[in-house]
Amino acid sequence: MSTIMRTLRNIRKIGIKEYAHQMQYIGDTKAGTYIATDKYGNKYYENLEQELPLRTRWVDYKQKEYDPGQIEPGWHAWMSYLVDKPPTEDAVLKTGQRSWEIPEHRPNLTASRAAFKTYST
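The opening position of the sequence shown corresponds to residue 145 in this note's numbering, with each subsequent residue numbered one higher.
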């Protein structure tokens with residue numbers, strides 16, 4: 145939750161339309177630097193100026209019904225502060241798809257009818 149002054153400052157920076165979008169999907173107002181977009185269309189941002197520690201990086205999901213599993217491994221490492229550079233700048237993370245990675249996203253099916261159930265004897 146942000147303070148009134150921070151909210152007003154962010155509205156001035158990002159505009160009313162983006163403010164409404166963020167309040168609907170994130171529940172908070174954030175203004176920062178656009179970093180990049182991944183292959184799923186998710187947009188990544190960073191603000192090092194006026195945010196609390198460990199709340200300076202965030203993702204704007206493309207889909208309304210998002211699945212956090214749609215964040216690629218390199219972007220997950222950047223979002224979790226495991227690496228300092230985003231995958232677009234880091235030579236190690238820029239290697240592309242490895243032979244053991246699944247090429248498409250598989251949704252998390254926990255708590256659904258399609259969830260994995262072990263065989264019971």
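Quick reminder that beta carbons are idealized off the backbone N, C-alpha and C, glycines included.
| Asked | Found |
| --- | --- |
| Residue closest to ASP204, alpha-carbon to alpha-carbon, out of GLU245, ASN191, ALA255, TYR169 | TYR169 |
| Span of the beta strand (DSSP E) around GLU190 | 187-190 |
| Whole-Å CB distance - THR173 paired with ILE155, under 8 Å assumed | 7 Å |
| One or two residues paired with ARG201 in a DSSP bridge | GLU190 |
| Distance CB(GLY185)-CB(LYS206) smaller than 7 Å | yes |
| Beta-carbon proximity list for GLY213, same chain, < 8 Å, skipping 5 on both sides | HIS249, ARG250, PRO251, ASN252 |
| Neighbourhood of ARG201 by C-beta distance below 6 Å, restricted to the same chain and skipping five residues each side | GLU190, MET223 |
| Reference TYR188, options LYS229, ALA259, GLN241, GLU245, closest by Cα | LYS229 |
| Member of ALA180, ILE148, VAL227 whose CA lies at the smallest distance from the CA of LEU198 | VAL227 |
| Contact with chain C by ASP211, beta-carbon distance below 7 Å | Structure shown: chain C not included; a single protein chain is present. |
| For THR181, the first and last residue of its enclosing beta strand (DSSP E) | 177-181 |
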